[in-house]
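Q: So the protein sequences, as listed, match chains U and B.
Per my numbering, the very first residue in the first sequence carries number 1; after that it's consecutive.
Per my numbering, the very first residue in the second sequence carries number 159; after that it's consecutive.
There are 2 protein chains.
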Amino acid sequence: MNIGQAARGSGVSAKMIRHYETIGLIPRAARSLAGYRHYTEADVQRLAFIRHARNVGFATEEIRELLSLWQNRRRSARDVKRLAAEHLAEIEARIAELQSISATLAHLLAHCHGDARPECPIIDALRFGPDPPAHPPRGKAPRRPRRVPLPAPRRPKN
Amino acid sequence: MNIGQAARGSGVSAKMIRHYETIGLIPRAARSLAGYRHYTEADVQRLAFIRHARNVGFATEEIRELLSLWQNRRRSARDVKRLAAEHLAEIEARIAELQSISATLAHLLAHCHGDARPECPIIDALRFGPDPPAHPPRGKAPRRPRRVPLPAPRRPKN
DNA sequence: CCTTGACCTTCCCATCGTGGCAAGGTTCAG
DNA sequence: CTGAACCTTGCCACGATGGGAAGGTCAAGG
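#1: Between the C-alpha atoms of arginine 231 of chain B and proline 118 of chain U, what's the straight-line distance to the nearest angstrom?
#2: Could you give the DSSP three-state label for alanine 116 of chain U: helix, strand or coil?
#3: Please state the DSSP three-state secondary structure of alanine 251 of chain B.
#4: Identify the contact partners of glycine 287 of chain B in chain U, using a Cβ-Cβ distance below 8 Å as the criterion.
#5: Quick one: using the 10 Å Cβ neighbour count with 16 as the cut-off for buried, is asparagine 160 of chain B buried or exposed?
#6: Locate the alpha helix (DSSP H) running through proline 121 of chain U, then write down its first and last residues.
#7: From proline 295 of chain B to cysteine 270 of chain B, what does the alpha carbon distance come to, in whole angstroms?
#8: Hey, would you say serine 102 of chain U sits closer than 8 Å to isoleucine 249 of chain B, going by beta carbons?
#9: Since leucine 109 of chain U and isoleucine 253 of chain B are thought to touch, with beta carbons under 8 Å apart, how far apart are those beta carbons, to the nearest angstrom?
#10: Could you check what DSSP says for arginine 195 of chain B in three-state terms: helix, strand or coil?
#11: Would you say threonine 40 of chain U reaches chain B, if we count a Cβ-Cβ gap shorter than 8 Å as a contact?
#12: Any residues in the segment 85 to 101 of chain U with a beta carbon nearer than 9 Å to a beta carbon of chain B? Which ones, in chain order?
#13: What first and last residue would you give for the alpha helix (DSSP H) that runs through glycine 162 of chain B?
#14: Measure the beta-carbon distance from leucine 67 of chain U to leucine 83 of chain U and round it to whole angstroms, keeping in mind my assumption that it falls under 8 Å.
#15: In or out: lysine 239 of chain B buried (at least 16 other Cβ within 10 Å) or exposed?
#16: Closer than 8 Å, CB to CB, is proline 136 of chain U near chain B or not?
#17: In three-state DSSP terms, what is arginine 54 of chain U?
#18: How many whole angstroms separate the CB atoms of glycine 57 of chain U and histidine 87 of chain U, which I take to be in contact at a CB cut-off of 8 Å?
#19: Which one of B/Ile221, B/Ser190, B/Ala200 and B/Thr198 has the shortest CA to CA distance from isoleucine 208 of chain B?
#20: For alanine 188 of chain B, which three-state DSSP category applies?
#21: Am I right that alanine 187 of chain B and glutamate 199 of chain B are in contact with their C-beta atoms under 8 Å? What's the rounded C-beta distance?
#22: So which residues of chain U does leucine 234 of chain B contact, with C-beta pairs closer than 8 Å?
#23: If you draw a straight line from the C-alpha of glycine 162 of chain B to the C-alpha of tyrosine 194 of chain B, how long is it?
#24: Leaving out the 5 sequence neighbours to the left and right, which residues in its chain are closer than 8 Å to arginine 54 of chain U when beta-carbon positions are compared?
#25: Rounded to whole angstroms, what is the Cα-Cα separation between serine 10 of chain U and histidine 265 of chain B?
#26: Within 8 Å of any Cβ in chain U, is that where the Cβ of glycine 193 of chain B sits?
#27: Does the beta-carbon distance from cysteine 278 of chain B to alanine 59 of chain U come in below 8 Å?
#28: Measure from the alpha carbon of aspartate 43 of chain U to the alpha carbon of each residue in U/Ala125, U/Phe128 and U/Ile17, then state which is nearest.
#29: In angstroms with no decimal places, state the Cα-to-Cα distance between arginine 8 of chain U and glutamine 45 of chain U.
#30: Quick check on lysine 81 of chain U - is its C-beta less than 8 Å from some C-beta in chain B?
#31: Taking all protein chains shown into account, do 16 or more other C-beta atoms lie within 10 angstroms of the C-beta of histidine 120 of chain B, making it buried, or fewer, making it exposed?
#32: Starting from the beta carbon of alanine 264 of chain B, find every residue of chain U whose beta carbon is closer than 8 Å, and list them in chain order.
#33: Ends of the alpha helix (DSSP H) at histidine 269 of chain B?
#34: Give the residues of chain B in contact with isoleucine 17 of chain U, contact being defined as C-beta atoms less than 9 Å apart.
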């Protein structure tokens, strides 16, 4: 089948299928005389596997490992489990990070009257920093460790 | 002061200060005869404001609005609050998304014996999709809506 | 045979925030 | 004068994805 069918069958866009090929996540597809890529059911399943892994947040390199473990008849479940556990730990760390930010924002929102007046504790907090605005900037702050920035959700534009 | 001092004083890297200038987040800095950028204390505070906003995850365009609200003497706290509330909602949505992924992974991990044998429910789940692997692929799946991918944490390399 | 439309190819660009590096100019202290 | 430390601009990279252009292919229908 052509790439369009493979895309519809696997839920991976044709664009990404080509991309996965160029980065070597999938082997180079066989070509027709005209250069059209040609896929088998097994290829489609591999693509679906990749999509499922992405859906639970595995990064490309992790997926590469998962694929090799999948294909490897002598794999141990231990390796897979370790990979997944590491990934879960990362996700939990991110959740904790976001929760901390969320708590900060919720706190600020609760303290902002939110009417037409210009005084705003949210603005003040941003002026004076994440710490309790004890006293306005007096002497230069001792270089707080930069908080980890919040990644904007990399969501497909479409 | 030069850009290096401004960077140290604000906690924003010189690189990013230049970047913020090119995207118009801060006005073009005054230059010395030799072309060196020149900053005031007020500039440093503006930069620190930006950094604090980034630390709670505001995106560049949101920060642009926050800055204009900060400078605007006729601003209403309402506007600031609305912005922050929208941002909080986004963050909470991401937390929910990550928690769903986390739950899925935790479930899979719990069901994986994790020893040296090759059978692995994690691999199987990735093969058959995020849904309960009721019965192996029989008839093509009805095009599940793609789950939102998990953004890898965009953390500064350094 | 020719047209039309759906499909395919490759290649380049954009996102978003950040860093790295290179080639070169400036400034200041020794 | 020299060297270190600083500054300048400009380009490239990341990761995952989409957009689009310019052009080739294929099948159905006239």
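Ideal Cβ placement from N, Cα and C applies to all residues, glycine included.
A: For this structure:
#1: 7 Å
#2: coil
#3: helix
#4: Ala48 and His52
#5: exposed
#6: 121 to 128
#7: At proline 295 of chain B, the pLDDT of 41 sits below 50, so the modelled position is not reliable and the matter cannot be decided from this model.
#8: yes
#9: Contact doesn't hold; Cβ gap of about 16 Å is too wide.
#10: strand
#11: no
#12: Ala85, His87, Leu88, Glu90, Ile91, Glu92, Ala93, Arg94, Ile95, Glu97, Leu98, Gln99 and Ile101
#13: 161 to 168
#14: Their Cβ separation, rounded to whole angstroms, is 11 Å, which puts leucine 67 of chain U and leucine 83 of chain U out of contact at 8 Å.
#15: buried
#16: Because the pLDDT at proline 136 of chain U is just 41, under 50, the model does not fix this residue reliably, and the point stays unresolved.
#17: helix
#18: 7 Å
#19: B/Ile221
#20: strand
#21: 13 Å between Cβ atoms; not a contact.
#22: A quick correction: the sequence has serine, not leucine, at residue 234 of chain B. Asp115, Ala116, Arg117 and Pro118, listed in chain order.
#23: 11 Å
#24: Ile63
#25: 24 Å
#26: no
#27: no
#28: U/Ile17
#29: 12 Å
#30: yes
#31: Residue numbering for chain B in the displayed model covers 159 to 316; residue 120 of chain B lies beyond these limits and cannot be assessed.
#32: Leu88
#33: Careful: histidine 269 of chain B lies outside any alpha helix (DSSP H) and carries neither H nor E.
#34: Here the premise fails: no neighbours, minimum Cβ distance about 14 Å.
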